[in-house]
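One structure below.
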Amino acid sequence: MKPISLIERIIRLLYPAKCMVCETILKEESTAFICESCKKDLKRYGRGFFRAAELPYIDGLFAAFNYIDGIETAIHAFKFKNQPRLSETIGGLLSEELSKYGVLPGFDYIVPVPMHPRKKRQRGYNQSELIARQLGEFLNMEVRTDILKKTRYTRPQSKLKRNDRLHNLEGAFSVSPDVFVEGKRILLVDDVLTTGTTINTCAKILKDKGVNMIYGIVIAIAEK
Ligand SMILES: [Zn+2]
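Heads up: the sequence shown at position 90 corresponds to 1065 in my numbering, and the numbers run straight through without jumps.
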């Protein structure tokens, strides 16, 4: 991670940086918004890339953490408490876990799971896109937000029953007509995986357009 900037130093004189999990005030030079003890306690998923039978369109899935305790608190703050600046810390943690599992297959693009424009305006940012940008820097790969679009506003998957989740996303995503993705290899980024319907739906429509290989990566996976 980059050293903290002068502006960040000045901000921190007024608002000391806190751990995104336990809110302990961090040392002035800390580059990540997490204390050592909370970082150590995160529940690492520890599987590397794997194939999940329920995600037939995903060739390999990587989850850094179990969606529980500290990372759940952090992701909640990142998504719902207007803290886009946590993307560097969370993206850094994800990259660190990823780097434990050796060499990745080559990807042409990193593509975040898109958010409907109305929702993005409400929130101010798409958290998956911010994480994708961190990964893009870490892996030195191009991030494309013009390939996949969310064209229909849907209810949050997390608030639905399992059966409703499948139907909720029908026709909700589309691939832009003017992009060429045939034969490409894509790393799809989402924040949290629950049933995987979202990431699998996105992968399906990309493969329908001729994408050759799709891996999925999420910060955390929720046990069903
Ligand atoms: Zn802490």
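C-beta atoms are modelled at their ideal positions from N, C-alpha and C, and glycine is treated no differently.
The structure displayed is predicted, hence computed values, not measured ones.
Residue from the options with nearest C-alpha to residue i
i       : options                               : result
ASP1016 : ARG1026, ARG1093, ALA1052 and TYR1042 : TYR1042
LEU1061 : LYS1125, GLU1157, GLU998 and GLY1146  : GLU998
THR1120 : SER1103, ASP1044 and LYS1136          : SER1103
GLY1081 : GLY1067, LEU1114 and GLU1071          : LEU1114
THR1206 : ILE1180, MET1116 and THR1006          : The displayed coordinates of the chain run from 976 to 1199. Any statement about residue 1206 would go beyond what the structure contains.
MET995  : GLY1023, TYR1020, LEU988 and ILE1046  : ILE1046
LYS1124 : PRO1087, ALA1195, LEU988 and VAL1193  : PRO1087
GLY1066 : ALA1038, LYS1056, LYS1184 and GLY1171 : ALA1038
Contact under 8 Å by Cβ, residue i with residue j
i       : j       : result
LEU1036 : GLY1191 : yes
VAL1164 : LEU1079 : no
VAL1156 : VAL1118 : no
LYS993  : PHE1008 : yes
ALA1147 : ARG1127 : yes
Short CB-CB distance (under 8 Å) between residue i and chain C
i      : result
LYS993 : Of the protein chains in the structure, only one exists, and it is not chain C.
6 Å CB neighbourhood of residue i in its chain, flanking five on each side removed
i       : result
MET1188 : ASP1034 and ARG1160
LYS1182 : TYR1032
LYS991  : For clarity, residue 991 is Pro in the given sequence; the question names Lys instead. Only ILE1000 meet the Cβ criterion.
SER1200 : Lying outside 976 to 1199, the shown extent of the chain, residue 1200 is not represented and no answer is given.
Residue i Cβ short of 7 Å to ligand 1 heavy atom set
i       : result
SER1012 : yes
CYS1177 : no
VAL996  : yes
THR999  : yes
ILE1009 : yes
Bridge-paired residues (DSSP) for residue i
i       : result
ARG1019 : PHE1040
PRO1087 : VAL1164
GLY1035 : TYR1190
Neighbourhood of residue i by C-beta, 7 Å cutoff - its chain only, sequence neighbours within 5 removed
i       : result
TYR1100 : PRO1059
Beta-carbon proximity list for residue i, same chain, < 8 Å, skipping 5 on both sides
i       : result
ALA1052 : MET995, GLN1058 and LEU1061
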